[in-house]
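Asks:
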Amino acid sequence: MSVTAARGFTASGVSAGIKDSGAPDLALVVNRGPSYAAAAVFTSNRVQAAPVRWSRRVIGDGALAAVVLNSGGANACTGPAGEDDARAMAERTARALRVEAEQVAVCSTGLIGVPLPMDRVTAGIDAAAAELSEDGGEAAAIAIKTTDSVHKTAVASGSGPDSGPRSGSGPEPDRGPGPGWTVGGMAKGAGMLAPGLATMLVVLTTDADVSAPTLDSALRQAVRTTFDRVDSDGCMSTNDTVLLLASGASGVRPDPAEFAEAVHDVCLDLALRLVADAEGASKEIEVRVVGAASEQDAVTVGRSIARNNLLKCALHGEDPNWGRVLSAIGTTSAVFDPDRLDVSINGVRVCRDGAAGEPRDKVDLSGRAVTVAVDLRSGDASATIWTNDLTAAYVHENSAYSS
Numbered sequence: 309m310s311v312t313a314a315r316g317f318t319a320s321g322v323s324a325g326i327k328d329s330g331a332p333d334l335a336l337v338v339n340r341g342p343s344y345a346a347a348a349v350f351t352s353n354r355v356q357a358a359p360v361r362w363s364r365r366v367i368g369d370g371a372l373a374a375v376v377l378n379s380g381g382a383n384a385c386t387g388p389a390g391e392d393d394a395r396a397m398a399e400r401t402a403r404a405l406r407v408e409a410e411q412v413a414v415c416s417t418g419l420i421g422v423p424l425p426m427d428r429v430t431a432g433i434d435a436a437a438a439e440l441s442e443d444g445g446e447a448a449a450i451a452i453k454t455t456d457s458v459h460k461t462a463v464a465s466g467s468g469p470d471s472g473p474r475s476g477s478g479p480e481p482d483r484g485p486g487p488g489w490t491v492g493g494m495a496k497g498a499g500m501l502a503p504g505l506a507t508m509l510v511v512l513t514t515d516a517d518v519s520a521p522t523l524d525s526a527l528r529q530a531v532r533t534t535f536d537r538v539d540s541d542g543c544m545s546t547n548d549t550v551l552l553l554a555s556g557a558s559g560v561r562p563d564p565a566e567f568a569e570a571v572h573d574v575c576l577d578l579a580l581r582l583v584a585d586a587e588g589a590s591k592e593i594e595v596r597v598v599g600a601a602s603e604q605d606a607v608t609v610g611r612s613i614a615r616n617n618l619l620k621c622a623l624h625g626e627d628p629n630w631g632r633v634l635s636a637i638g639t640t641s642a643v644f645d646p647d648r649l650d651v652s653i654n655g656v657r658v659c660r661d662g663a664a665g666e667p668r669d670k671v672d673l674s675g676r677a678v679t680v681a682v683d684l685r686s687g688d689a690s691a692t693i694w695t696n697d698l699t700a701a702y703v704h705e706n707s708a709y710s711s
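Each residue of the sequence shown is one higher than the last, beginning at 309 in my numbering.
This is the structure we're talking about:
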C-alpha cells in the first residue's frame, strides 16, 4: 500500500546525508500522466515554512508533476535563504525530471530554524530521480520519517465507474489493464498533531480521471473529518501539507461521491496511524461526542476533552477520571445542561445526568484502545476527535528533540 499503488506514478526514497544518522531522508513522488490535476491543503499556522509558501504558489493552477520531500530539516524560519532553498529544490527536481519548476511541490520536515545542507539535498534529488520506480512507494514513505517509529501508507480502490471504493490492508491493486481505479497515500507524523492538520506530510495519489476542482472538493471534505480531527498534543506545525495528485492513467472517471469516499477512507486510515504512532503514547483515545446542538459544538467539546492534560495523564495511569471530562466540557461555549451530561469510558457509563453513574472500577483500561463517549443531550449533531495519552516518554522525547 503506497503512493505507487495508483497507476501512472513512480517514487523513490534515498539517504542524502541530511540526517546525521544516515537514515533515508529524501523522497520523490512523480506523476507520469496523462493527467496532472492536483489539489492541496496546508497548515493554518501563520508561521509557515518556505516549502509551504512555495507549494501554495505552484498549486494555484491545479496541476503538479512531482513532489520532492525531505526529512531531517523543516526549512522553517530560515529567512530569505530558506525561500531560495525551497525554490532550488523544485528547480533541481524539475531539471532531473525535465518538467517546469512550477510543476513541483516541495515538502520539508524536521527541526525548525536550521538551514538545509543544500549540497547534500541537491545531490540526493539526483540520486532519487535515478531510482524512481513503480515499486518505490514504500521507500518514499520511509524516507520522510522523523520521530515516526513506523512508516505509514494506505490504499483504497474502486473496480469501475459505477462501484464504490474498497479499502484495506491487503496487497496493492494490480497495475495491469482493467476498469479499476485506486487512491494510495503515505504520511509522516508522530508529534505536533493538532488541527490545522498536524506536523505531517501527506501525499495522496490516484489514477482516476478526476479534475482539479473535484480533487479539491474531495480532499477538503476528507481532511475536515480526518486529519483536522487528530489532536495529539495541541501543537500546530509550520510545515503541514496534504497533496492529492491524479494521473488519470486508469481512464476511469468515477462518481464524485464514490471518489470522495475513497479519499476519505485513505485519509482516515493515515490519520489513525498518526495517532497510533504518537510520540510516547501508550493509549489511543477516541473522543466521541453525540447529542450536540451543532457539529461545531461537538467538535469544540471533543477537542477540549482531547486537550485536557489532566485527563490524558489519568488515562495513561488507567484511571477513568470522568470528572476531568466534565471539567473540560465546562470550559466550552457549547450548548448543554450540566445536569444532563452523560459520559461513558470504554462502554461503562461512569457519569449519568452530570453525576456519578456506574462504579468506575468496572472500566477496563488495561488495553491500548480507549473510547470516551459524551452525550450532551442537546441535539442530533456528533463528531469524533482522536488523541492519545500523555506519558513520561513523550516528555523525554520532546525535551531531547533538538539535541
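Beta carbons: idealized from backbone N, C-alpha and C, even for Gly.
Helix, strand or coil for residue 594 per DSSP?
Replies: The residue you call residue 594 lines up with position 286 of the sequence shown. Here residue 594 sits in strand by DSSP.
Asks: Going by the beta-carbon positions, is the gap between residue 554 and residue 345 smaller than 7 Å?
Replies: Residue mapping note: residue 554 aligns to position 246 of the sequence shown, counting from 1. Residue mapping note: residue 345 aligns to position 37 of the sequence shown, counting from 1. Contact flag set, yes.
Asks: Are the beta-carbon atoms belonging to residue 681 and residue 615 less than 7 Å from one another?
Replies: Along the sequence shown, one-based indexing puts residue 681 at 373. Along the sequence shown, one-based indexing puts residue 615 at 307. In this structure, residue 615 does not lie closer than 7 Å to residue 681 by Cβ.
Asks: Run the CB neighbour count on residue 427, radius 10 Å, all protein chains shown included, and call it buried at 16 or more, exposed below.
Replies: Locating residue 427 in the sequence shown gives position 119, counting from the first residue. Exposed is the call here.
Asks: Spatial neighbours of residue 317 within its chain, please: C-beta separation below 7 Å, excluding the five flanking residues on both sides.
Replies: Here residue 317 refers to the residue found at position 9 of the sequence shown. Cβ neighbours of residue 317 beyond the five flanking positions: 311, 337, 338, 339, 340, 513 and 555.
Asks: With H, G and I counted as helix, E and B as strand and the rest as coil, what does DSSP make of residue 472?
Replies: The residue given as residue 472 occupies position 164 in the sequence shown. Here the model assigns residue 472 a pLDDT of 48, short of 50, so the residue's position is not dependable, and the following value carries that caveat. If DSSP states are grouped into helix, strand and coil, residue 472 belongs with coil.
Asks: Reducing DSSP to helix, strand and coil, say where residue 509 ends up.
Replies: Taking the first residue of the sequence shown as position 1, residue 509 is located at position 201. Reduced to three states, the DSSP call for residue 509 is strand.
Asks: Whose C-beta lies closer than 6 Å to the C-beta of residue 435 among residues of the same chain, with five residues either side of it excluded?
Replies: One-based indexing of the sequence shown puts residue 435 at position 127. Correct list, in chain order: 322.
Asks: Beta-carbon within less than 7 Å of residue 511's beta-carbon, same chain only, minus the 5 sequence neighbours each way: which residues are those?
Replies: Numbered from its first residue, the sequence shown carries residue 511 at position 203. Contacts found: 311, 337, 375, 493, 494 and 551.
Asks: For residue 636, I'd like the list of residues in its chain whose CB is within less than 6 Å of its CB, leaving aside the five on either flank, ordered along the chain.
Replies: Position 328 of the sequence shown, counted from the first residue, corresponds to residue 636. Closer than 6 Å at Cβ, skipping near neighbours: 612, 613 and 616.
Asks: Going by beta carbon distance, what residues of the same chain come within less than 7 Å of residue 471, once the five residues before and after it are set aside?
Replies: Looking up residue 471 in the sequence shown gives position 163. Model confidence at residue 471 stands at a pLDDT of 44, short of 50, so the residue's coordinates are unreliable; what they give is reported in the following sentence. If we look at residue 471 and ignore the five residues flanking it on each side, it has no Cβ neighbours.
Asks: Going by beta carbon distance, what residues of the same chain come within less than 8 Å of residue 711, once the five residues before and after it are set aside?
Replies: Taking the first residue of the sequence shown as 1, we reach residue 711 at position 403. Per-residue confidence for residue 711 stands at a pLDDT of 44, beneath the threshold of 50, marking its modelled position as unreliable; the derived number appears in the next sentence. Cβ neighbours of residue 711 beyond the five flanking positions: none.
Asks: Does the distance from the C-beta atom of residue 459 to that of residue 449 stay below 7 Å?
Replies: For this step, residue 459 is matched to residue 151 along the sequence shown. For this step, residue 449 is matched to residue 141 along the sequence shown. Contact flag set, yes.
Asks: Suppose you measure from the CA of residue 643 to the CA of residue 383; what does that come to, to the nearest Å?
Replies: Against the sequence shown, residue 643 aligns to sequence position 335. Against the sequence shown, residue 383 aligns to sequence position 75. For residue 643 and residue 383, the gap between their C-alpha atoms comes out near 42 Å.
Asks: Note down the Cα distance separating residue 566 from residue 314, rounded to an integer number of angstroms.
Replies: Along the sequence shown, one-based indexing puts residue 566 at 258. Along the sequence shown, one-based indexing puts residue 314 at 6. Taking the Cα positions, residue 566 is about 16 Å away from residue 314.
Asks: List the endpoints of the continuous alpha helix (DSSP H) containing residue 669.
Replies: Working through the sequence shown from its first residue, we reach residue 669 at position 361. From DSSP, residue 669 is part of no alpha helix (DSSP H); its letter is neither H nor E.
Asks: Between residue 603 and residue 691, which are expected to be in contact by the criterion C-beta below 8 Å, what is the C-beta distance as a whole number of angstroms?
Replies: The sequence position of residue 603 within the sequence shown is 295, counting from 1. The sequence position of residue 691 within the sequence shown is 383, counting from 1. 6 Å between Cβ atoms; contact.
Asks: Assess, as a yes-or-no matter, whether the stretch 573 to 589 is touched by the stretch 381 to 396 under the definition of 3 or more beta carbon pairs within less than 8 Å.
Replies: no
Asks: Under the three-state reduction of DSSP, which class applies to residue 335: helix, strand or coil?
Replies: Walking along the sequence shown from the start, residue 335 turns up at place 27. The answer is strand: DSSP assigns residue 335 an E or B state.
Asks: Compute the distance between the beta-carbons of residue 417 and residue 379, then report whether it is under 7 Å.
Replies: Counting from one through the sequence shown, the residue named residue 417 turns up at place 109. Counting from one through the sequence shown, the residue named residue 379 turns up at place 71. Cβ atoms of residue 417 and residue 379: closer than 7 Å.
Asks: Pull up the distance between the alpha-carbon of residue 393 and that of residue 683, whole angstroms please.
Replies: Position 85 of the sequence shown, counting from 1, holds the residue named residue 393. Position 375 of the sequence shown, counting from 1, holds the residue named residue 683. A direct Cα-Cα distance of roughly 50 Å separates residue 393 from residue 683.
Asks: Looking at the secondary structure, which residues open and close the alpha helix (DSSP H) in which residue 405 lies?
Replies: If you number the sequence shown from 1, residue 405 lands on position 97. Unbroken alpha helix (DSSP H) run through residue 405: 387 to 405.
Asks: Run the CB neighbour count on residue 645, radius 10 Å, all protein chains shown included, and call it buried at 16 or more, exposed below.
Replies: Translated into the one-based positions of the sequence shown, residue 645 becomes position 337. The residue is exposed, with fewer than 16 neighbouring Cβ atoms inside 10 Å.
Asks: Identify every residue that forms a DSSP beta bridge with residue 696.
Replies: For the purposes of this step, residue 696 is identified with residue 388 of the sequence shown, where counting begins at 1. Answer is 592.
Asks: In terms of residue numbering, what span does the beta strand (DSSP E) encompassing residue 350 cover?
Replies: Counting from one through the sequence shown, the residue named residue 350 turns up at place 42. Here the beta strand (DSSP E) through residue 350 covers 345 to 350.
Asks: Please determine, among 686, 395, 491 and 319, the residue with the shortest C-alpha to C-alpha distance to residue 598.
Replies: Taking the first residue of the sequence shown as 1, we reach residue 598 at position 290. Closest option to residue 598, Cα to Cα, is 686.
Asks: Mind reading off the beta-carbon distance from residue 373 to residue 407? Whole number of angstroms is fine, and I expect it under 8 Å.
Replies: What you label residue 373 is simply residue 65 of the sequence shown in a count that begins at 1. What you label residue 407 is simply residue 99 of the sequence shown in a count that begins at 1. Indeed they touch by this definition, with Cβ atoms about 4 Å apart.
Asks: Would residue 713 pass as a contact of residue 540 if the rule is Cβ separation under 7 Å?
Replies: This structure cannot speak to residue 713, because the chain is shown only from 309 to 711.
Asks: How should residue 400 be labelled, buried or exposed, when 16 other C-beta atoms within 10 angstroms of its C-beta is the threshold for buried?
Replies: Indexing the sequence shown from 1 puts residue 400 at position 92. Buried is the call here.
Asks: I need the straight-line Cα distance from residue 343 to residue 531, nearest angstrom please.
Replies: As a first step, residue 343 is located in the sequence shown; it is residue number 35 there, counting from the start. As a first step, residue 531 is located in the sequence shown; it is residue number 223 there, counting from the start. The alpha-carbon atoms of residue 343 and residue 531 are separated by roughly 23 Å.
Asks: What do you get for residue 586, buried or exposed, if any count of 16 or more other CB atoms within 10 angstroms of its CB means buried?
Replies: Along the sequence shown, read from residue 1 onward, the residue named residue 586 stands at position 278. Buried is the call here.
Asks: Report the rounded CA-to-CA distance for residue 496 versus residue 582, giving the unit in angstroms.
Replies: As a working mapping, residue 496 is identified with position 188 in the sequence shown. As a working mapping, residue 582 is identified with position 274 in the sequence shown. Cα to Cα, the separation comes out at about 7 Å.
Asks: Have a look at residue 491 and residue 664 and give me their C-alpha separation to the nearest angstrom.
Replies: Residue numbering aside, residue 491 sits at position 183 when the sequence shown is read from its first letter. Residue numbering aside, residue 664 sits at position 356 when the sequence shown is read from its first letter. Approximately 46 Å between the Cα atoms of the pair.
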